[in-house]
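Asks:
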């Protein structure tokens with residue numbers, strides 16, 4: 011029974027980590043596309059038009075994607091080995107990431123919407 015629960019837990023962790031990893035890779039690819047589109051837009055803009063910069067958003071998006079990929083790698087190691095130390099590290103990283111994102115996101119959105 012314990013072996014079945016352990017294998018089910020490992021499988022579910024791998025599935026969740028794969029989903030997070032695909033999301034992280036998609037965010038990285040989208041941020042690379044945004045950098046290219048931003049560069050083309052800056053090249054096409056006229057010299058008298060003020061250049062509005064959203065590069066902080068692109069870099070933040072890229073950083074979040076890289077962070078998700080790093081958490082995924084650690085999560086796959088934890089799921090493969092089923093080591094308590096690795097599982098606690100993954101849990102801490104996910105909680106720290108979620109806490110930081112939930113604390114910063116409302117303040118950033120409030121600043122730019124109002």
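Numbering (our numbering), first residue to last: 11 to 124. Every residue, glycine too, gets a C-beta built ideally from N, C-alpha and C. Note that the structure is a prediction, hence the values are computed from the model and not measured.
#1: Distance, Cα to Cα, residue 11 vs residue 35?
#2: Assuming residue 89 and residue 23 form a contact by the criterion Cβ under 8 angstroms, report the distance between their Cβ atoms to the nearest whole angstrom.
#3: With burial defined as no fewer than 16 other Cβ atoms inside 10 Å of the residue's Cβ, what is the status of residue 78: buried or exposed?
#4: Expressed to the nearest angstrom, what Euclidean distance is found between the alpha-carbon atoms of residue 38 and residue 73?
#5: Measuring straight from C-alpha to C-alpha, what distance separates residue 100 and residue 26?
#6: Hey, would you say residue 81 sits closer than 8 angstroms to residue 102, going by beta carbons?
#7: Report all residues from its chain with a CB closer than 6 angstroms to the CB of residue 30; omit the five preceding and five following residues, and keep chain order.
#8: Helix, strand or coil, according to DSSP, for residue 11 in the structure here?
Replies: So, from the data block:
#1: Residue numbering aside, residue 11 sits at position 1 when the chain shown is read from its first letter. Residue numbering aside, residue 35 sits at position 25 when the chain shown is read from its first letter. Put simply, the backbone Cα of residue 11 is about 36 angstroms away from that of residue 35.
#2: Here residue 89 refers to the residue found at position 79 when the chain shown is read from its first residue. Here residue 23 refers to the residue found at position 13 when the chain shown is read from its first residue. Residue 89 to residue 23, Cβ: 4 angstroms. Contact.
#3: The residue you call residue 78 lines up with position 68 of the chain shown. Buried.
#4: Position 28 of the chain shown, counted from the start, is the residue given in the question as residue 38. Position 63 of the chain shown, counted from the start, is the residue given in the question as residue 73. Within the model, the alpha-carbon separation for residue 38 versus residue 73 is close to 8 angstroms.
#5: Against the chain shown, residue 100 aligns to sequence position 90. Against the chain shown, residue 26 aligns to sequence position 16. Distance between the alpha carbons of residue 100 and residue 26: 12 angstroms.
#6: Locating residue 81 in the chain shown gives position 71, counting from the first residue. Locating residue 102 in the chain shown gives position 92, counting from the first residue. No, Cβ-Cβ distance for residue 81 and residue 102 is not below 8 angstroms.
#7: By 1-based counting over the chain shown, the position of residue 30 is 20. Excluding positions up to five away in sequence, the list reads 78 and 82.
#8: Within the chain shown, residue 11 is the residue found at index 1, counting from 1. Look at residue 11 here: in three-state DSSP terms it is coil, with no helix or strand label.
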